[in-house]
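A short write-up of the structure that comes next.
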Amino acid sequence: MARVSVDASLAHLDRPFDYLVPESLDTAVTTGSRVRVRFSGRLVDGIVLERVVSSAHVGTLAPIARSVSPEPVLTAEVARLARAVADRCAGTLADVLRLAIPPRHARVEAQPSPAPVAPPARPDPSGWASYDAGGLLLTALTDGRSPRAAWAALPGPTWPDRIAEVVQATLAGGRGAVVVVPDRRDLDRVDAALTSALGSGAHVRLSADLGPAERYRRWLAVLRGSVRVVVGTRAAAFAPVADLGLVVLWDDGDDVLAEPRAPYCHTRDVLLLRAELAGAAALLGGFSRTAEVAQLVDAGWARPLVAPRSVVRAAAPRVRPTGDDADLARDPGARSARLPTLAWRAAKDALDAGAPVLIQVPRRGYVPALACARCRETARCPACAGPLGQGSGAPAAVPTCRWCGRLAGDWLCPSCDGRALRAAVVGARRTAEELGRAFPGIAVRTSGRDEVLASVPAGPALVVTTPGAEPVAEGGYGAVVLLDAWALLTRADLRAGEETLRRWFAAAALARPAASGGQVVVAADGSLPAVQALLRWDPVWHADRELADRVALGFPPATRVASVSGVPAAVAELIAATELPDGTQALGPVALADGRERCLLRTTRRSGAALAVALAAAQAVRSARKAPDPVRVELDPLVLL
DNA sequence: TAAAATGCATGT
DNA sequence: CATGCATTTTAC
Numbered sequence: 004m005a006r007v008s009v010d011a012s013l014a015h016l017d018r019p020f021d022y023l024v025p026e027s028l029d030t031a032v033t034t035g036s037r038v039r040v041r042f043s044g045r046l047v048d049g050i051v052l053e054r055v056v057s058s059a060h061v062g063t064l065a066p067i068a069r070s071v072s073p074e075p076v077l078t079a080e081v082a083r084l085a086r087a088v089a090d091r092c093a094g095t096l097a098d099v100l101r102l103a104i105p106p107r108h109a110r111v112e113a114q115p116s117p118a119p120v121a122p123p124a125r126p127d128p129s130g131w132a133s134y135d136a137g138g139l140l141l142t143a144l145t146d147g148r149s150p151r152a153a154w155a156a157l158p159g160p161t162w163p164d165r166i167a168e169v170v171q172a173t174l175a176g177g178r179g180a181v182v183v184v185p186d187r188r189d190l191d192r193v194d195a196a197l198t199s200a201l202g203s204g205a206h207v208r209l210s211a212d213l214g215p216a217e218r219y220r221r222w223l224a225v226l227r228g229s230v231r232v233v234v235g236t237r238a239a240a241f242a243p244v245a246d247l248g249l250v251v252l253w254d255d256g257d258d259v260l261a262e263p264r265a266p267y268c269h270t271r272d273v274l275l276l277r278a279e280l281a282g283a284a285a286l287l288g289g290f291s292r293t294a295e296v297a298q299l300v301d302a303g304w305a306r307p308l309v310a311p312r313s314v315v316r317a318a319a320p321r322v323r324p325t326g327d328d329a330d331l332a333r334d335p336g337a338r339s340a341r342l343p344t345l346a347w348r349a350a351k352d353a354l355d356a357g358a359p360v361l362i363q364v365p366r367r368g369y370v371p372a373l374a375c376a377r378c379r380e381t382a383r384c385p386a387c388a389g390p391l392g393q394g395s396g397a398p399a400a401v402p403t404c405r406w407c408g409r410l411a412g413d414w415l416c417p418s419c420d421g422r423a424l425r426a427a428v429v430g431a432r433r434t435a436e437e438l439g440r441a442f443p444g445i446a447v448r449t450s451g452r453d454e455v456l457a458s459v460p461a462g463p464a465l466v467v468t469t470p471g472a473e474p475v476a477e478g479g480y481g482a483v484v485l486l487d488a489w490a491l492l493t494r495a496d497l498r499a500g501e502e503t504l505r506r507w508f509a510a511a512a513l514a515r516p517a518a519s520g521g522q523v524v525v526a527a528d529g530s531l532p533a534v535q536a537l538l539r540w541d542p543v544w545h546a547d548r549e550l551a552d553r554v555a556l557g558f559p560p561a562t563r564v565a566s567v568s569g570v571p572a573a574v575a576e577l578i579a580a581t582e583l584p585d586g587t588q589a590l591g592p593v594a595l596a597d598g599r600e601r602c603l604l605r606t607t608r609r610s611g612a613a614l615a616v617a618l619a620a621a622q623a624v625r626s627a628r629k630a631p632d633p634v635r636v637e638l639d640p641l642v643l644l
């Protein structure tokens, strides 16, 4: 007999089903292998959770229809993790397994995986020596112990080397490691650092852009124990590394780490559960720190891993705010580029010293938002009320709706009858154009969604970037200018401060240390907490403050919140069917787009698991009843307001 | 989508 | 109140 998880994401079918194993399939149907089974008439995919000798099922068991392959693609460790993730997110095991196990590729599976490489020597500890407990961390890992650390990385481009060193220490201690980063550029950096520390063949990189055959080939090499180290994006968190000793997550505040498919789990939660269940070490690192990581430190789950203030000061650039009413530089070119005097001076100093300058602009495009020149009201499309923008600087450029694409050449302000438009927001492309005029003869390069630069050479140049696309500069930037801070800080989002600071630190960390002339100018008022944190280079202070705010407001991570969304009747029905833990508060509903609405259910951290279980049970009741309108349940959603 | 369970009309 | 056929429900 075999206990099988069938590939059906209906909530009430989220349990194992027992099947008879025909004699002919006895050797092929292994624990963790893929099978096909007859389930309510049709043939469906399934995965063998375990082989058993008896079943609690009353009634006759159906036989397994066929074995897909004997490859045990679900390891015991990942099976436990997937169950825990499903429970945590009020989702189904089948949904998690779809994220955790890549599609099979028969030809690749028939080929052998390469022989494992010998474990490396201990890492060079000098890089981690800058951190208070850095040496202890490496020793603990080489000794096979499992420390958990919240790492505030020193500014500069060497953080991937630190990750390579903790991985090397883990390997030297006889265990494997999983490293997850938000995007391809970080993946390239950590991949390169691992290659230089471990040579080739000791690790694999896993990302969605590989293609099915190569992806499965690498994943199988991990499953079969040929490779003990994985670095990758989101889905790599589930990689079946044997004897897992360490999980690493870089920049956990990046929103791409939230899974967009059911059950909407966050990579941070997956890796924390995994470290806990597997008894592995955990390293959560970044230039900034999220309230979630602050909470882990506060709760004693993770220890802070920071450098002494003197080391931080020596590594950080000099950071200055322009103040609220920034005076624009007198230089006519700088005036047209809206450069505050301080920023213009910092850029000029750096360029004169032969160093590149990074300019971070929060919005891409040319003029992403226009406003009435007379009354300053935001200009909207007469047809669909979308924002009007300007695509290029051509003299005849007609304002265009950014939602429906309609041209709005004959725009008339509905509140004051004005006809003239002005730029409400200036995008990266126009900023680049204006900077070219402000600094004649200096090369202007742009890095953004269309073309992301990984690095720029040393030498004077202006590099205009949108957040998240900052190239590393050879030798570091002489100056980093952070423009239009208000556009980031005034967003109506609980995480606006945290997210702004994350983007600022990511750019500012690429500047040279102050002693080498590195300067950062932020176009914001120095009294704002996020600006204060940047000036003092103190991500921990800001995260602790952010956590205190969340405690006061009763939002995650101080509490647990479930978002329940769908058509109004379905949402109401689901909540009515949920046995809410004591003290659970319902907020809303608020209307969403296309007639759906959303309710938030808030409870204590302690009752979070119970709330997830209760919601899963309510989903099961609805799916068993074949309720037509699905309800989306998401725990601790990123977007709360 | 196959079997089992249930519903329902019809005939005695 | 059996019987046969249609529809709904279950899911091993």
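Be aware that the first sequence starts at 4, since it is given in the numbering used here, and climbs by one per residue.
For each residue, glycine too, the CB sits at the ideal point set by N, CA and C.
Residues near residue i in its chain [Cβ-Cβ closer than 6 Å; skip 5 each side]
{"i": "residue 572", "result": "none"}
{"i": "residue 517", "result": "320, 321"}
{"i": "residue 25", "result": "66"}
{"i": "residue 42", "result": "9"}
{"i": "residue 405", "result": "389, 390, 392"}
{"i": "residue 426", "result": "370"}
{"i": "residue 508", "result": "290, 291"}
{"i": "residue 459", "result": "359, 466, 474, 476"}
Spatial distance of residue i from residue j (CA atoms)
{"i": "residue 349", "j": "residue 482", "result": "6 Å"}
{"i": "residue 286", "j": "residue 247", "result": "13 Å"}
{"i": "residue 168", "j": "residue 241", "result": "22 Å"}
{"i": "residue 143", "j": "residue 128", "result": "12 Å"}
{"i": "residue 215", "j": "residue 402", "result": "43 Å"}
{"i": "residue 76", "j": "residue 231", "result": "16 Å"}
{"i": "residue 98", "j": "residue 92", "result": "11 Å"}
{"i": "residue 289", "j": "residue 299", "result": "15 Å"}
{"i": "residue 596", "j": "residue 213", "result": "35 Å"}
{"i": "residue 200", "j": "residue 576", "result": "56 Å"}
{"i": "residue 95", "j": "residue 615", "result": "11 Å"}
{"i": "residue 21", "j": "residue 12", "result": "18 Å"}
{"i": "residue 234", "j": "residue 301", "result": "28 Å"}
{"i": "residue 529", "j": "residue 520", "result": "21 Å"}
{"i": "residue 253", "j": "residue 190", "result": "10 Å"}
{"i": "residue 525", "j": "residue 515", "result": "16 Å"}
For residue i, the first and last residue of its enclosing alpha helix (DSSP H)
{"i": "residue 197", "result": "187 to 201"}
{"i": "residue 219", "result": "215 to 226"}
{"i": "residue 389", "result": "From DSSP, residue 389 is part of no alpha helix (DSSP H); its letter is neither H nor E."}
{"i": "residue 101", "result": "96 to 103"}
Member of the options whose CA lies at the smallest distance from the CA of residue i
{"i": "residue 523", "options": "629, 614, 345, 5", "result": "345"}
{"i": "residue 590", "options": "615, 582, 599, 564", "result": "564"}
{"i": "residue 569", "options": "16, 143, 634", "result": "634"}
{"i": "residue 117", "options": "224, 557, 366, 11", "result": "224"}
{"i": "residue 323", "options": "65, 492, 540, 409", "result": "540"}
{"i": "residue 438", "options": "5, 68, 292, 486", "result": "486"}
{"i": "residue 366", "options": "414, 325, 310, 433", "result": "433"}
{"i": "residue 503", "options": "131, 424, 358, 258", "result": "258"}
{"i": "residue 54", "options": "609, 526, 29, 217", "result": "29"}
{"i": "residue 18", "options": "56, 89, 81, 71", "result": "89"}
{"i": "residue 542", "options": "4, 363, 155, 604", "result": "155"}
{"i": "residue 277", "options": "261, 297, 251", "result": "251"}
{"i": "residue 174", "options": "249, 325, 160, 27", "result": "249"}
Cut-off 7 Å between Cβ atoms - residues of its own chain near residue i, not counting five sequence neighbours on either side
{"i": "residue 228", "result": "119, 245"}
{"i": "residue 593", "result": "600, 601"}
{"i": "residue 2", "result": "Any answer about residue 2 is impossible in this case: the structure gives the chain only from 4 up to 644."}
Exposed unless 16 or more other CB atoms sit within 10 angstroms - verdict on residue i
{"i": "residue 211", "result": "exposed"}
{"i": "residue 556", "result": "exposed"}
{"i": "residue 56", "result": "exposed"}
{"i": "residue 422", "result": "exposed"}
{"i": "residue 605", "result": "buried"}
Residue i: CB within 7 Å of a non-hydrogen atom of the ligand NAD
{"i": "residue 451", "result": "The ligand NAD is not part of the structure shown, which contains no ligands of any sort."}
Neighbourhood of residue i by C-beta distance below 8 Å, restricted to the same chain and skipping five residues each side
{"i": "residue 186", "result": "236, 257, 259, 471"}
{"i": "residue 632", "result": "569, 570, 572, 573"}
Span of the beta strand (DSSP E), counted from its first residue to its last, around residue i
{"i": "residue 134", "result": "Element bounds for residue 134: n/a, residue is neither H nor E."}
{"i": "residue 298", "result": "That residue, residue 298, is in no beta strand (DSSP E); its alpha helix (DSSP H) goes 294 to 301."}
{"i": "residue 154", "result": "151 to 155"}
{"i": "residue 606", "result": "600 to 607"}
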